[in-house]
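**Student:** As given, the protein sequences belong to chains G and R, one line each in that order.
Converting from the first sequence to my numbering requires adding 198 to each position, the first position being numbered 1.
Converting from the second sequence to my numbering requires adding 198 to each position, the first position being numbered 1.
We treat Cβ as the ideally placed atom computed from N, Cα and C, and that holds for glycine.
Input: one structure, supplied below.
Protein chains: 2
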Amino acid sequence: MRIGDLAEKSGLSTDTLRYYEKIGLIPRPLRDAGGRRIYDGTILRWIEFLDRLKATGMGIRDRLRYAELRTLGSASLAERRSLLESHRRKVVADIARLTETLEVLDDKVVLYRRMEAGETVDPAFESCARTEHGAPPNQDSSHHDRRTGARPRADRKA
Amino acid sequence: MRIGDLAEKSGLSTDTLRYYEKIGLIPRPLRDAGGRRIYDGTILRWIEFLDRLKATGMGIRDRLRYAELRTLGSASLAERRSLLESHRRKVVADIARLTETLEVLDDKVVLYRRMEAGETVDPAFESCARTEHGAPPNQDSSHHDRRTGARPRADRKA
DNA sequence: TTACGAGTTGGAGCGCACTCCAGGTCAAGA
DNA sequence: TCTTGACCTGGAGTGCGCTCCAACTCGTAA
Chain G
199 MRIGDLAEKS GLSTDTLRYY EKIGLIPRPL RDAGGRRIYD GTILRWIEFL
249 DRLKATGMGI RDRLRYAELR TLGSASLAER RSLLESHRRK VVADIARLTE
299 TLEVLDDKVV LYRRMEAGET VDPAFESCAR TEHGAPPNQD SSHHDRRTGA
349 RPRADRKA
Chain R
199 MRIGDLAEKS GLSTDTLRYY EKIGLIPRPL RDAGGRRIYD GTILRWIEFL
249 DRLKATGMGI RDRLRYAELR TLGSASLAER RSLLESHRRK VVADIARLTE
299 TLEVLDDKVV LYRRMEAGET VDPAFESCAR TEHGAPPNQD SSHHDRRTGA
349 RPRADRKA
C-alpha cells in the first residue's frame with residue numbers, strides 16, 4: 199500500500215501522514231526501490247486508534263508518549279495502561295460536561311422558541327435556563343475610536 | 199467590578215478578558231474616570247455561557263457570531279436558536295463518540311492488565327479490544343539517516 | 001512625596017496541528 | 001521516448017486561542 203492509498207483509507211491527507219511520521223506518531227514504513235513508502239495494512243488500526251485518542255481530546259504530547267511506549271514493547275504495558283486510564287478519566291469528565299451542556303442548550307432553545315412566539319417569559323423560567331440573552335449590559339458605545347479602540351484621554355502625553 | 203475581580207470570578211486571565219473584548223466576544227464595558235474597565239456582575243453569566251460553548255467544542259467563529267447576534271436583540275432570536283440547535287447536534291455526536299471510546303479504552307485497559315499478568319491473550323479477545331498493541335509493524339530502522347530522514351539513494355543527482 | 005500595585009495600550013510570540021509549496025525523482029502507459 | 005501523475009524532501013505559512021511584554025497612567029497608603 200502506498201501513501202495515497204493509505205490516505206484514502208485512513209481519511210488523513212498524505213501531508214498529514216508524513217507529518218505524523220516526522221513527529222513520531224506513526225512508525226517509518228519500509229520503502230520500495232524508488233524510495234516510496236510502502237505500508238502494511240495493520241497500520242490502519244493504529245491510525246484509527248490515534249484518531250480516536252485525538253478526537254476525544256488527547257493532546258499531541260500524550261499521543262506521542264503513547265506511540266513511543268508502544269515501540270518499547272511489553273516492558274511499557276503498565277505505563278501505557280496508566281496513560282489510557284488517565285485519559286479515560288478525562289473522557290468521563292467530558293461526557294459529564296457535554297451532558298450538562300445539552301440540558302442548558304435545550305433550555306435555551308425552548309426559551310428562544312417562546313420568545314420568538316412573543317410570549318412574555320416567566321422570570322423563574324428564565325433563571326432556570328441560566329439565560330444571558332438580550333442586549334449586552336452597559337456597553338460603552340460612545341467613548342471609543344472604532345478603529346483603534348483607544349480612548350481619547352484628556353491629555354495623553356501632552 | 200474591575201478587570202482583576204472579574205478575572206478572579208470568571209477564571210479567565212485579565213489578558214484573556216481584554217482579548218475577548220478586542221475580538222468582540224464580550225461587550226466593551228464602561229470606564230471609570232481613570233479609564234479603567236468597570237464591569238456589571240451580569241457579564242459573568244455571559245462569560246460562563248461562552249465558556250461552556252467553548253468547552254463543548256464550539257469554535258471562535260460561531261461564538262463570535264452568537265455574540266454578534268446577541269447585540270442585535272430580539273430580531274436575531276431565530277438565528278441564535280438555529281446556531282444553538284446545530285451546536286446541540288454536534289454535542290450529541292460528541293457524546294456518542296466519547297461513549298464509544300470509553301468502551302475501547304476499557305477493553306484495552308483490561309487487555310493490558312492481562313498482558314501484564316503474563317497471560318497469553320486469546321486472539322478473539324484481542325480483536326474485540328480492537329487492539330493495535332505491540333511493536334509497530336514493518337518499521338524501517340536501517341535505511342535512514344537519523345538526523346535528516348534522508349535515504350542514501352544509490353546515486354541521487356550524481 | 002513617593003512608591004506600589006493595578007490598570008492601560010499595541011504588538012510580538014507561542015504551541016498545536018496541520019497545510020501548502022517549490023523543486024525535484026521515479027515508474028508506467030501512450 | 002515522452003509525458004503524466006504519484007511520490008519525495010525541507011521548509012514556510014496558517015488559524016486558533018491565547019500569553020507575554022514594554023512602556024505608560026492612575027489611585028491610594030505609608
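1) State the start and end residues of the unbroken alpha helix (DSSP H) segment that holds Glu246 (chain G).
2) For the 8 angstroms Cβ check, are there 3 or more pairs between the region 267-282 of chain R and the region 307-317 of chain G?
3) For a contact defined as C-beta to C-beta under 7 angstroms, what are the partners of Tyr310 (chain G) on chain R?
4) So, helix, strand or coil for Leu223 (chain G), using DSSP?
5) Identify, in the order they occur along the chain, each residue of the same chain with its Cβ nearer than 7 angstroms to the Cβ of Ala205 (chain G), setting aside the five sequence neighbours on each side.
6) Taking a Cβ distance cut-off of 9 angstroms, strictly less, list which residues of the region 287-299 of chain R are near chain G, in chain order.
7) What is the DSSP secondary structure of Leu228 (chain R), reduced to helix, strand or coil?
8) Where does Ala315 (chain R) land, buried or exposed, given buried means 16+ other C-beta within 10 angstroms?
9) List the residues of chain R that Lys252 (chain G) touches, going by C-beta distances under 9 angstroms, in chain order.
10) State the CB to CB distance for the pair Gly209 (chain R) and Glu266 (chain R), rounded to an integer number of angstroms; the pair is presumed to be in contact (CB under 8 angstroms).
11) Looking at Arg200 (chain G) and Arg235 (chain G), is the spacing between their C-beta atoms short of 8 angstroms?
12) Give every residue of the same chain whose Cβ lies closer than 8 angstroms to the Cβ of Arg344 (chain G), excluding the five residues on either side of it in the sequence, and list them in chain order.
13) Is the shortest distance between the beta-carbon of Met199 (chain R) and the beta-carbons of chain G less than 8 angstroms?
14) Are the C-beta atoms of Glu266 (chain R) and some chain G residue less than 8 angstroms apart?
15) Terminal residues of the continuous alpha helix (DSSP H) containing Glu330 (chain R)?
16) Quick one: is Pro335 (chain R) near chain G, going by C-beta distance under 8 angstroms?
**Tutor:** The answer reads as follows:
1) 241-253
2) yes
3) Leu275, Arg278, Arg279
4) coil
5) Ser211, Thr212, Leu215
6) Val289, Val290, Asp292, Ile293, Arg295, Leu296, Thr297, Glu298, Thr299
7) strand
8) exposed
9) The contacting residues do not exist; Lys252 (chain G) stays about 11 angstroms from chain R at best.
10) That belief does not hold up - the Cβ atoms of Gly209 (chain R) and Glu266 (chain R) are roughly 24 angstroms apart, past 8 angstroms.
11) yes
12) Residue placement at Arg344 (chain G) is poorly supported in this model, since its pLDDT is 33, which falls under 50; the coordinates still yield a value, given next. So no residue of the chain qualifies.
13) no
14) no
15) No alpha helix (DSSP H) contains Glu330 (chain R), which DSSP labels as neither H nor E.
16) For Pro335 (chain R), the predicted structure reports a pLDDT of 49, less than 50, and the residue's modelled location is therefore unreliable. A value from the coordinates is still provided. Interface residue, yes.
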